[in-house]
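Novice:
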Amino acid sequence: MYECEISVNYTTLQRCQSWQINEALEHDSKSYFSIVCVEDREHNESIFILQRKIGILGFIVSKTAQGFEWLVQNKPEPGNIFYYQYAPTVQATKCNYEQVHQGSKTLFLEYFLQGKLCVDVCGSEQGSKFLGKFNRNCKIVVDKSKINFPSKNYSWLTSKQIKQLLRKSFVLNTDARSVIVCGSWNWLASDSKLFAEIKNPVIAQALRNSYQVRDKQRIKNAISFLQSCEKQYEYDTIPLKNMRTFKLTPFGIQCIEKRQCKVCYFDIRMEREVSHWQQPLVMDTSIQQSWLIFSIKNSISYFFLQVNYEMGFDNGVEFGPSLQTNVSFTAKDIDVVKNTQTLAQIDQSDEGGRFYQNIMRYTLAYWPHQQHLCSLKNGLWLTAGEIENMTLMKGYLTNELRSLLSLLVSFM
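Just so you know, we're using the working numbering here: the sequence shown kicks off at 201 and counts up by one.
Have a look at this one:
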């Protein structure tokens, strides 16, 4: 990885150039994201990021005699663990690629604005942290010989290398993981059998069978089921100065009860479109956890997708991980986790342009109990193939679930 000197330091709002608190914490240009406080009908307050303009997350992929290669960007973000993580070829908000802040040109952007895309699907961001936020997840196949590297921050990785990195913590960011799992899983497949790295032959064969099974009626039923769960949240955006659960300080927004900073201001220097700037970042000092759990029935693996109700989703609900600590997690869920076998586990920081070192632990796990169909509640069971089909549909699978699916496809 090519890396340059970086500094990320705490600062105050007074020194946070172009940011101010009106009703919300917002940038003078009105084109950047803003931090808002919303109050639901039970008078619970929550901090959200508001940035409804749709950004672009896109991979340029090249087909070679040895298989597919992926053009990755070694991208620094102020909130990333270790700062640098591999990102998609293009990872840009609309204001960045339109150069609203007089930043440098977004490299390779023309492929995703004018090219013939193989994949182009809007995926939601975290519904507990963003209000109505989607980004385009795109893939385009381009002849490798036509790509010129104008920057040391770009390199080609083979599908084999991508799969290896998907099982490492803090290397491939969540945006890259999201794009990778949106369809075209076979681009990662090796010459040998799918899931050949899984040592248990029963599990490996059940996963191969699961990838082949794509019951159209079951997918339709899943969509109908989720639509029946849709929930319209009623909430008001309240002025930050009127918050009761949180308070404004010179250094950010603090949670009164937990005495923790929810939002902090930072002064940042790094090699980006703009090399020096200030901005707020959302913080969470606790490590959250999520699991994608599968079980086997009739030699086919089925994955449990739980219905996630979150205020930030357009329809109030999407399919999420089998279990997730910051959504709903009970004593019975702990018993389920204790009886699973872990196939892969990573820690991964949330998108570092909005969050400061927020960590989620992602686990892909096998549950060897046949009573699975009635033991987990508020969701349904689908095959790997059916889930891949649903990754190409807008607004059905959460950001956290897509990161978990990146662990599954790492065994392709």
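The beta-carbon is built from N, C-alpha and C at its ideal position, and this holds for glycine as well.
Report the rounded CA-to-CA distance for P288 versus P480, giving the unit in angstroms.
Specialist: Roughly 24 Å separates the two Cα atoms.
Novice: Bridge partners for M560 per DSSP, in chain order?
Specialist: Beta-bridge pairing links M560 to Q488, Q548.
Novice: Relative to the C-alpha of D484, which residue among T437, Q506, F555 is closest?
Specialist: The shortest Cα separation from D484 among T437, Q506, F555 belongs to F555.
Novice: So, for G315: in the same chain, excluding its five sequence neighbours on each side, which residues have a beta-carbon less than 8 Å away from its beta-carbon?
Specialist: Only I340, V342 meet the Cβ criterion.
Novice: Let me know the secondary structure DSSP gives V527 once reduced to three states.
Specialist: Note: V527 maps to coil in three-state DSSP.
Novice: With burial defined as no fewer than 16 other Cβ atoms inside 10 Å of the residue's Cβ, what is the status of S428: buried or exposed?
Specialist: S428 should be labelled exposed.
Novice: Given a cut-off of 8 Å on the beta-carbon distance, is the pair W199 and F529 in contact?
Specialist: Since the first residue of the chain shown is 201 and the last is 612, residue 199 is not available in this structure.
Novice: Taking 8 Å as the threshold (beta carbon to beta carbon), is E518 in contact with chain C?
Specialist: No chain C appears in the structure shown, which is made up of a single protein chain.
Novice: Report buried or exposed for K431, applying the criterion of at least 16 other Cβ atoms within 10 angstroms of its Cβ.
Specialist: So K431 ends up on the exposed side.
Novice: Tell me which residue opens and which closes the alpha helix (DSSP H) that S603 is part of.
Specialist: Taken as a continuous stretch (DSSP letters only), the alpha helix (DSSP H) holding S603 covers 599-609.
Novice: Within 10 Å of its beta-carbon, does T542 have 16 or more other beta-carbons around it, so buried, or fewer, so exposed?
Specialist: Exposed, because fewer than 16 other Cβ atoms sit within 10 Å of the Cβ of T542.
Novice: Taking three-plus beta-carbon pairs below 8 Å as touching, is the stretch 212-226 in contact with the stretch 234-244?
Specialist: Verdict: yes, contact present.
Novice: Starting from V300, follow its DSSP beta bridges and name the residues at the other end.
Specialist: According to DSSP, V300 bridges with nothing at all.
Novice: Reducing DSSP to helix, strand and coil, say where D467 ends up.
Specialist: It is a strand residue.
Novice: Residue range of the alpha helix (DSSP H) that F312 falls in?
Specialist: It spans 309-314 - the alpha helix (DSSP H) in which F312 sits, taken as one unbroken run.
Novice: Taking the straight line between their C-alpha atoms, what separation do you get for I468 and K346?
Specialist: Approximately 35 Å, taken between the alpha carbons.
Novice: Run through the DSSP bridge pairs and tell me what C322 is partnered with.
Specialist: C322 pairs with R336.
Novice: Quick one: Cα of Q412 to Cα of Q548, how far?
Specialist: Q412 and Q548: Cα-Cα distance of roughly 29 Å.
Novice: Under the rule that 16 or more other beta-carbon atoms within 10 Å means buried, what is C322, buried or exposed?
Specialist: Exposed.
Novice: Considering Cα atoms alone, identify which of M470, Q217, S246, K230 is closest to D436.
Specialist: Among M470, Q217, S246, K230, the Cα nearest to that of D436 belongs to S246.
Novice: Would you check if there are 3 or more beta carbon pairs closer than 8 Å linking the stretch 247-255 to the stretch 327-339?
Specialist: These segments touch.
Novice: So who's on the other strand from Q506, going by DSSP bridges?
Specialist: Per DSSP, G520, G579.
Novice: Of the residues N526, K416, V507, A376, which one's Cα is nearest the Cα of V576?
Specialist: Note that residue 576 is Leu in the sequence shown here, rather than Val. It is V507.
Novice: By a C-beta neighbour count over all protein chains shown, 10 Å radius and 16 as the cutoff for buried, is D535 buried or exposed?
Specialist: Label assigned to D535: exposed.
Novice: Does the distance from the CB of I438 to the CB of F446 come in under 8 Å?
Specialist: Going by C-beta atoms, I438 is not nearer than 8 Å to F446.
Novice: So, helix, strand or coil for G267, using DSSP?
Specialist: Of the three classes helix, strand and coil, the one that applies to G267 here is strand, per DSSP.
Novice: From which residue to which residue does the alpha helix (DSSP H) around P401 run?
Specialist: That run of the alpha helix (DSSP H) goes 401-412.
Novice: Distance check for T449 and I249, CA to CA, integer angstroms please.
Specialist: Distance between the alpha carbons of I249 and T449: 18 Å.
Novice: Rank L564, G553, M560 by C-alpha distance to the C-alpha of Y284 and give the top, closest one.
Specialist: The option with the nearest alpha carbon to Y284 is G553.
Novice: Based on the DSSP output, what are the partners of F451 in its beta bridges?
Specialist: DSSP lists no partner for F451.
Novice: Quick one, are the C-beta atoms of R418 and E586 less than 8 Å apart?
Specialist: Yes. Within cutoff.
Novice: Rounded to whole angstroms, what is the Cα-Cα separation between R215 and L601?
Specialist: Rounded to whole angstroms, R215 to L601 spans 38 Å at the Cα level.
Novice: Here's a check: name, in chain order, each residue in its chain whose Cβ is nearer than 8 Å to the Cβ of V463, leaving out the five neighbours to either side.
Specialist: Taken in chain order, the residues that qualify are L225, I235, I247, G452, I453, P480, L481, V482, M483.
Novice: Kindly indicate which residue of K363, R561, L309 has the alpha-carbon position closest to the one of S606.
Specialist: The residue with the shortest Cα to Cα distance from S606 is K363.
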